[in-house]
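Heads up, the thing below is written out as structure tokens.
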Amino acid sequence: MKRFAIIVAGGSGTRMGAVIPKQFIELHGKPILLYSVDAFLNAYPDIVVIIVLPESYLGQAEAMLVNHGYAEKPIQFVAGGLTRFHSVKNGLAQVNSEGIVFIHDAVRCLVTPDLIRRCGEVAQDMGSAIPAIKVRDSMRHVASDGSSSIIDRNHLRIVQTPQTFQSGLIKEAFEMDFREEFTDEASILEFMGAKINLIEGEESNLKITFREDLDFATWKLQKEN
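Per our numbering, residue 26 is the first one in the sequence shown, and the count goes up by one each step.
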């Protein structure tokens, strides 16, 4: 079974006040992006890693691999597109055989090999595997007039990545034209009429967006090391 990891690295870092894209910010001397790469290579040493980046950062990314000793690993770069949909589609164009495709946010750098393997096993059996966690807090829906009403949080889940699919299924889904409703890969598959299979995600598998997320990731890596 061939496996592909499409790691989407299109963040800018503006929401955390960074001067470089957040995927290049270093934690303990290594860019955030490479922690995500490591998780996939540790889960499946023979996996093909496809990193999707803004075209203007491809040179910097290639230098990063050389500087950190990753030049010989099975990693390739692809230029991204106007939206996440188009970026992932560019990555999927490099999937050249049947297998399992993992689509992951580069800045979810705390993802574990265990979660990756669980996603792969479920997707292989059922077509897709979408990690998600339960909502801890009370939730309310706010109407356009400002009024609000309680939502049963037992029916809500926070969706994570890697969103994982049989290659034929996800490539077929991406043959559709882009729509604004497509917020992630699962939403595209759902629009096509395919079943979405949720699995238990990981509380620590957060998407680094704000400065406090970076602080948590630093603390978590220090604790593990």
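All residues carry an ideal CB built from backbone N, CA and C; glycine is no exception.
Completely contained alpha helix (DSSP H) runs for the stretch 209 to 244, where each covers 4 or more residues: 210 to 217
In DSSP terms, what L90 is bridged to: Here residue 90 refers to the residue found at position 65 when the sequence shown is read from its first residue. Bridge partners of L90: none, in fact.
For the alpha helix (DSSP H) containing D139, list its first residue and its last residue. If you number the sequence shown from 1, residue 139 lands on position 114. Start and end: P138 to M151.
For S174: DSSP bridge partner residues: For the purposes of this step, residue 174 is taken as the residue at position 149 of the sequence shown. DSSP lists H166 as partners of S174.
With DSSP as the reference, please indicate the residues paired to K248 in a beta bridge. Mapped onto the sequence shown, residue 248 falls at position 223. The partner list for K248 (beta bridge, DSSP) is empty, contrary to what the question assumes.
Whole-angstrom C-beta distance between H129 and S61, which should lie under 8 Å: Residue numbering aside, residue 61 sits at position 36 when the sequence shown is read from its first letter. Residue numbering aside, residue 129 sits at position 104 when the sequence shown is read from its first letter. Correct: roughly 6 Å between the Cβ atoms.
V62, DSSP secondary structure in three states: On the sequence shown, residue 62 is found 37 positions in, with the first residue counted as 1. Reduced to three states, the DSSP call for V62 is helix.
What is the DSSP secondary structure of T48, reduced to helix, strand or coil? In the sequence shown, the residue the question calls residue 48 occupies position 23. The question names Thr, but residue 48 in the sequence shown is Gln. Q48 falls in the helix class under three-state DSSP.
My output table needs one value for F29: the three-state DSSP class, helix, strand or coil. Translated into positions along the sequence shown, residue 29 becomes position 4. Correct three-state label for F29: strand.
Got a sec, what are the start and stop residues for the beta strand (DSSP E) I100 sits in? As a first step, residue 100 is located in the sequence shown; it is residue number 75 there, counting from the start. Residues I100 to A104.
Among K114, Q48, Q149 and I224, which residue has its Cα nearest to the Cα of V85? Locating residue 85 in the sequence shown gives position 60, counting from the first residue. A quick correction: the sequence has Gln, not Val, at residue 85. Selected option, being the one with the closest Cα: Q48.
Residues bridged to P79 [DSSP beta-bridge criterion]: Your numbering for residue 79 matches position 54 in the sequence shown. Answer by DSSP bridge pairing: none, since P79 is not bridged.
Per DSSP, D130 forms a beta bridge with which residues? The residue labelled residue 130 in the question sits at position 105 within the sequence shown. According to DSSP, D130 bridges with V33.
Could you pull the start and end residues of the alpha helix (DSSP H) that R204 belongs to? The sequence position of residue 204 within the sequence shown is 179, counting from 1. Note, R204: premise wrong, no alpha helix (DSSP H); not H, not E.
To the nearest angstrom, report how far apart D177 and Q101 are at their CA atoms. Residue mapping note: residue 177 aligns to position 152 of the sequence shown, counting from 1. Residue mapping note: residue 101 aligns to position 76 of the sequence shown, counting from 1. Roughly 43 Å between the two C-alpha positions.
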